[in-house]
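Engineer:
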Amino acid sequence: MNHRTMNHRTTLDLLVRASLAAIVLSPLALAQTATHVADGENAHAAADPSVNPHASPTAAPRFPAADAETLAADTLTFRQHDTTLSSAYFEGRAPGTQGNRRAADYVEFEFRSLGLEPAFPDTNPDEPPADWYAHKGTTYRQPFEAPPSRRPGDSFKVTTQSLSFPLPSVEVAAPVHTVLTPGTDFAVLGDSGSGNLTAQVVFAGYSIDDPDRPYTNFPDGHADLSGKIALLLRFEPMDSRGRSRWTTTGWSPSSSLAMKFDNLVRRGASGIILVNPPGADDPRANSIDGLSNPGGGGKDVPMVLMSTEAGDRLVKALDKEHRSLADFRALADNLDSPCGLIPLSDTAHATLAVSVERVPLMTDNVGALLRGHGDLAKELVVIGAHYDHVGYGYFGSRGPDDVGKLHPGADDNASGTSGLLILARKLAADYAAMQPGEEGGGARSILFLAFSAEESGLVGSRFYCKNPIAPFADHTLMINLDMIGRLRDGKVELQGCDTADGLREMVDPYATTSGLTIAFKKGGSGPSDHASFYAKKIPVLFPFTGLHREYHSPRDTFDLINSEGAAQLVDFVYRVALEASTRTQRLVFHDAGGSDSPGPVRTGGGVRFGISPGDYSGSEPGVLVGDVFPNTPAAKAGVKQDDLIVEWDGNKLTDVENWMPYFSKAKPGDKVTIVVLRGKDRKERVTMEVTLEARGGAR
0 MNHRTMNHRT
10 TLDLLVRASL
20 AAIVLSPLAL
30 AQTATHVADG
40 ENAHAAADPS
50 VNPHASPTAA
60 PRFPAADAET
70 LAADTLTFRQ
80 HDTTLSSAYF
90 EGRAPGTQGN
100 RRAADYVEFE
110 FRSLGLEPAF
120 PDTNPDEPPA
130 DWYAHKGTTY
140 RQPFEAPPSR
150 RPGDSFKVTT
160 QSLSFPLPSV
170 EVAAPVHTVL
180 TPGTDFAVLG
190 DSGSGNLTAQ
200 VVFAGYSIDD
210 PDRPYTNFPD
220 GHADLSGKIA
230 LLLRFEPMDS
240 RGRSRWTTTG
250 WSPSSSLAMK
260 FDNLVRRGAS
270 GIILVNPPGA
280 DDPRANSIDG
290 LSNPGGGGKD
300 VPMVLMSTEA
310 GDRLVKALDK
320 EHRSLADFRA
330 LADNLDSPCG
340 LIPLSDTAHA
350 TLAVSVERVP
360 LMTDNVGALL
370 RGHGDLAKEL
380 VVIGAHYDHV
390 GYGYFGSRGP
400 DDVGKLHPGA
410 DDNASGTSGL
420 LILARKLAAD
430 YAAMQPGEEG
440 GGARSILFLA
450 FSAEESGLVG
460 SRFYCKNPIA
470 PFADHTLMIN
480 LDMIGRLRDG
490 KVELQGCDTA
500 DGLREMVDPY
510 ATTSGLTIAF
520 KKGGSGPSDH
530 ASFYAKKIPV
540 LFPFTGLHRE
550 YHSPRDTFDL
560 INSEGAAQLV
570 DFVYRVALEA
580 STRTQRLVFH
590 DAGGSDSPGP
600 VRTGGGVRFG
610 ISPGDYSGSE
620 PGVLVGDVFP
630 NTPAAKAGVK
640 QDDLIVEWDG
650 NKLTDVENWM
660 PYFSKAKPGD
670 KVTIVVLRGK
680 DRKERVTMEV
690 TLEARGGAR
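What the sequence shown shows, in numbering that gives the first Met the number 0, is residues 0 to 698, in sequence order.
Take a look at the structure:
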């Protein structure tokens, strides 16, 4: 290929030319002079060496920046894709849902319309073929099981639910039972298992075992609840106003339901009744809604949430002393002498029956192959973006008030998906115009990948990395587009710049002519899909326009997207991708350490452990280690990628959500004993001690 300005005009460009005069580009989109920031160096204009003494006179890019007409056409296309993908029709694109499948159909349609080849075989081979280039794919889809949906009815269906107890003081041969009404008196918890039992009910206070307070409802430490139904209060010990006695803001981590349920199941409870306590100063105490969606930490016992009124009727009917629910709350609120386990009756038992069906959901990575030519054709450049989001906010939403509301995800990540589709169109047109053998080595093949389940823990990209279409020795670079739609003041972070020898130098000419202020970041890890490839020792680049207050909320909408800025950023990525695909010299991986950029935030906490979870679904009980960041407590203790953490200081872990309450209670300097299962068959059991550190230290 010649060092010439390439003709990028397509049929779509021609169709919109008549309206280009009406497009008003921002000054940023028309900027002729660029600024570029590299790891704290002074910003400088690099287009003219006579003006900028830091610029290299030999740093002219092979592929010049797009002209105003091309940027205007790309702006229109970007806006169309982003507006479409973030519309209500796609329902927030949560993995495995109907809206997610519609989004996958949309991406496949675009790939197919460009004439790109399907990327995947019908079935995933044990190992990718060494001569992968000789094999043609048969499908654009790479299916895998999605994490369970937390929206009621998606992957969790209740087929049986009943709860009854005998009326008090009825002297008849066959006791008369009070049968409670589902949906009014009680609701099945989303983490419930199936079961049918008639058993003694035991009051278990708040079911808290917290020696740091100190406070425990299990004073002997080995209370036996085998064969019993445990009745516990929601929240934690309260004062006379119905507020926490341990914190002035809401509730403390000790109120975690995951820890309470673990405490009960570990002591043998065969059934669990959670009841809203009387007098609690929390609007959730007035409803039995909100906990019917699965949280990921499913139990093997039937579990229900009961209203305050129904709970009061139950304890008055069964308790030998006919105490009220308020009386039992007073016992549990006593910090000096908290109640232990209190059996309500030796003879009168409650009957609890629950049957639930968990329906596995499937989702897809969507991939298309643009074949290269010449000596470089059997090497791959991967350009990826995740098309999923958090649906109606039953997981991943930043605020509890937003749960159940549509989260459009216009920036996260309809923007990256839109950029991916534009790049596929532009690069397909360029490759079609190439002459085989041009530029000496030809051109590398390009794999366009739209990932699903990124928001669930990079599940889709990790699945691809376990089932790649080609050996990783043939993967030369991965470019990840995630949240590129909110460009402000022209500022962009570019992560991964030190993940290959010479990568900064390759990118620099395109950064200095992009019209953007690009901050080079060295690391290749981080909470987005490029981390899956970096873990396989593939060089990565990750442009990112920054977090904002609308992140993971219903307010991440298309009207806030800077489409002109996104088109300019896509042009920069496009030129870098062309350079990486056609340069004769191959990029050689370099370990650049952990992320030095926050990127999209997935988890938080007051202490650092040092891993990125590999799966948030709990499909394999425990916390799967996706990445281990260097020089962190986990790395120092010997935690390895693909370890499965199954115990945390004696507490069994079922998934990330179950782990978070223990993690959030920890303090810098705490020594925690963890147990991991290691190896392909998980037969190696390793115990290690981890000393936790404060967040903010060097990775």
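Ideal placement from N, C-alpha and C gives every residue a C-beta, glycine not left out.
Within a Cβ cutoff of 6 Å, which residues of the same chain sit near G658, ignoring the five residues on either side of it in sequence?
Structural biologist: On the sequence shown, residue 658 is found 659 positions in, with the first residue counted as 1. What sits at residue 658 in the sequence shown is Trp, not Gly. Closer than 6 Å at Cβ, skipping near neighbours: V622 and L652.
Engineer: On a Cα-Cα basis, can you pick out the residue from T556, L368 and V655 that is closest to P467?
Structural biologist: Residue numbering aside, residue 467 sits at position 468 when the sequence shown is read from its first letter. Nearest C-alpha to P467: L368.
Engineer: Over what stretch of residues does the alpha helix (DSSP H) that includes Q97 continue unbroken?
Structural biologist: Along the sequence shown, one-based indexing puts residue 97 at 98. Its alpha helix (DSSP H) spans residues Q97 to S112.
Engineer: Please say whether V381 and H474 have beta carbons closer to each other than 8 Å?
Structural biologist: Here residue 474 is taken as the residue at index 475 of the sequence shown, counted from 1. Here residue 381 is taken as the residue at index 382 of the sequence shown, counted from 1. Cβ atoms of H474 and V381: closer than 8 Å.
Engineer: Please report the straight-line C-alpha distance between A309 and S396, rounded to a whole angstrom.
Structural biologist: Taking the first residue of the sequence shown as 1, we reach residue 309 at position 310. Taking the first residue of the sequence shown as 1, we reach residue 396 at position 397. When rounded, the distance between both Cα atoms is 31 Å.
Engineer: Does DSSP put E549 in a helix, a strand or coil?
Structural biologist: As a working mapping, residue 549 is identified with position 550 in the sequence shown. It is coil, neither helix nor strand.
Engineer: Are the region 58-78 and the region 126-140 touching, with three or more C-beta to C-beta distances below 8 Å?
Structural biologist: Touching, no, given that fewer than three Cβ pairs across the two stretches are closer than 8 Å.
Engineer: How do the region 343-361 and the region 143-160 stand: do at least 3 beta-carbon pairs fall below 8 Å, yes or no?
Structural biologist: Touching, yes, given that three or more Cβ pairs across the two stretches are closer than 8 Å.
Engineer: D363 lies in the beta strand (DSSP E); which residues open and close that run?
Structural biologist: If you number the sequence shown from 1, residue 363 lands on position 364. L360 to L369 is the extent of the beta strand (DSSP E) around D363.
Engineer: Taking the C-alpha atoms as reference points, what is the distance between P52 and I445?
Structural biologist: Residue 52 sits at position 53 when you count from the first residue of the sequence shown. Residue 445 sits at position 446 when you count from the first residue of the sequence shown. Reliability fails at P52, whose pLDDT of 33 lies under 50, so the model's placement of it is uncertain and the value that follows must be treated cautiously. Cα-Cα distance, rounded: 37 Å.
Engineer: Measuring only the C-alpha atoms, how far is H547 from R554?
Structural biologist: What you label residue 547 is simply residue 548 of the sequence shown in a count that begins at 1. What you label residue 554 is simply residue 555 of the sequence shown in a count that begins at 1. Near 10 Å, if we compare the C-alpha coordinates of R554 and H547.
Engineer: Output yes or no for whether 8 Å exceeds the beta carbon distance between L476 and P542.
Structural biologist: Taking the first residue of the sequence shown as position 1, residue 476 is located at position 477. Taking the first residue of the sequence shown as position 1, residue 542 is located at position 543. No, these two residues do not count as a Cβ contact at 8 Å.
Engineer: My assumption, with CB atoms under 8 Å, is that Y710 sits in contact with E107. Please give the rounded CB distance.
Structural biologist: The requested residue 710 does not occur in the structure, where the chain is confined to residues 0 to 698.
Engineer: How do the region 277-286 and the region 158-168 stand: do at least 3 beta-carbon pairs fall below 8 Å, yes or no?
Structural biologist: Contact fails: fewer than three Cβ-Cβ distances are below 8 Å.
Engineer: How would you label S85, buried or exposed, when you count the other beta carbons within 10 angstroms and need 16 or more for buried?
Structural biologist: For this step, residue 85 is matched to residue 86 along the sequence shown. Answer is buried; the Cβ neighbour count reaches 16.
Engineer: Just the Cα atoms here: how many angstroms apart are A576 and Y509?
Structural biologist: What you label residue 576 is simply residue 577 of the sequence shown in a count that begins at 1. What you label residue 509 is simply residue 510 of the sequence shown in a count that begins at 1. Cα-Cα distance, rounded: 10 Å.
Engineer: How big is the Cα-Cα spacing for T197 and G226?
Structural biologist: Here residue 197 refers to the residue found at position 198 of the sequence shown. Here residue 226 refers to the residue found at position 227 of the sequence shown. Spanning the two alpha carbons is a distance of roughly 9 Å.
Engineer: What runs of the alpha helix (DSSP H), each 4 residues or longer, lie entirely inside the region 224-253?
Structural biologist: For the region 224-253, not a single whole alpha helix (DSSP H) run of length 4 or above is found.
Engineer: Which residue marks the beginning of the alpha helix (DSSP H) containing E126, and which one marks its end?
Structural biologist: Locating residue 126 in the sequence shown gives position 127, counting from the first residue. Where E126 is concerned, there is no enclosing alpha helix (DSSP H), given that its DSSP letter is neither H nor E.
Engineer: Does the region 115-126 come within contact of the region 318-328, defined as at least 3 CB pairs closer than 8 Å?
Structural biologist: They do not touch, by the three-pair rule.
Engineer: Measuring alpha carbon to alpha carbon, tell me which residue in G95, I483 and G136 is nearest A469.
Structural biologist: Numbered from 1 along the sequence shown, position 470 holds the residue referred to as residue 469. Of the listed residues, the one whose Cα sits closest to A469 is G136.
Engineer: Under the three-state reduction of DSSP, which class applies to I421: helix, strand or coil?
Structural biologist: Working through the sequence shown from its first residue, we reach residue 421 at position 422. Reduced to three states, the DSSP call for I421 is helix.
Engineer: Does S161 come out as helix, strand or coil in the three-state DSSP assignment?
Structural biologist: The residue given as residue 161 occupies position 162 in the sequence shown. Strand, per DSSP.
Engineer: Three-state secondary structure (DSSP) at S291?
Structural biologist: As a position in the sequence shown, residue 291 is number 292, starting the count at 1. Three-state result, S291: coil.
Engineer: Hey, could you find the ends of the beta strand (DSSP E) D626 is sitting in?
Structural biologist: Taking the first residue of the sequence shown as 1, we reach residue 626 at position 627. Counting along the chain, the beta strand (DSSP E) containing D626 begins and ends at V622 to V627.
Engineer: Roughly how far, in whole angstroms, is the beta-carbon of G91 from the beta-carbon of G390, given that I think they are within contact range, below 8 Å?
Structural biologist: By one-based count along the sequence shown, residue 91 stands at place 92. By one-based count along the sequence shown, residue 390 stands at place 391. With a Cβ gap of about 4 Å, G91 and G390 count as contacting.
Engineer: How would you label K298, buried or exposed, when you count the other beta carbons within 10 angstroms and need 16 or more for buried?
Structural biologist: Start at 1 with the first residue of the sequence shown, and residue 298 comes out as number 299. So K298 ends up on the buried side.
Engineer: Start and end of the alpha helix (DSSP H) containing T82?
Structural biologist: What you label residue 82 is simply residue 83 of the sequence shown in a count that begins at 1. Residues A67 to L84.
Engineer: If distances are taken between C-alpha atoms only, which option among D211, R328 and H551 comes closest to R703?
Structural biologist: Shown here, the chain extends from 0 to 698; a query on residue 703 therefore has no answer.
Engineer: Alpha carbon to alpha carbon, how far is Y88 from L419?
Structural biologist: Residue numbering aside, residue 88 sits at position 89 when the sequence shown is read from its first letter. Residue numbering aside, residue 419 sits at position 420 when the sequence shown is read from its first letter. Taking the straight line from one Cα to the other gives about 21 Å.
Engineer: Using the beta-carbon count (16 or more within 10 Å), is P526 buried or exposed?
Structural biologist: Position 527 of the sequence shown, counted from the first residue, corresponds to residue 526. So P526 ends up on the buried side.
Engineer: Please go through the same chain and pick out, in chain order, the residues whose beta-carbon is closer than 8 Å to the beta-carbon of V234, but skip the five residues on each side of it.
Structural biologist: If you number the sequence shown from 1, residue 234 lands on position 235. The sequence shown places Phe at residue 234, not Val. Y205, S243, W250, S254, P276, A279, D281 and A284.
Engineer: Expressed to the nearest angstrom, what Euclidean distance is found between the alpha-carbon atoms of D642 and E68?
Structural biologist: The residue you call residue 642 lines up with position 643 of the sequence shown. The residue you call residue 68 lines up with position 69 of the sequence shown. Going by the C-alpha atoms only, they are around 51 Å apart.
Engineer: The beta strand (DSSP E) that contains W647, what's its start and end?
Structural biologist: Working through the sequence shown from its first residue, we reach residue 647 at position 648. Residues L643 to W647.
Engineer: Mind the definition here: the region 338-353 touches the region 201-220 only if three or more C-beta pairs lie below 8 Å; say whether that holds.
Structural biologist: Output reads yes: the region 201-220 touches the region 338-353.
Engineer: For A102, which residues in the same chain have their Cβ closer than 7 Å to its Cβ, ignoring the five residues on either side in sequence?
Structural biologist: Taking the first residue of the sequence shown as position 1, residue 102 is located at position 103. The residues are L84, F89, R92 and Y386.
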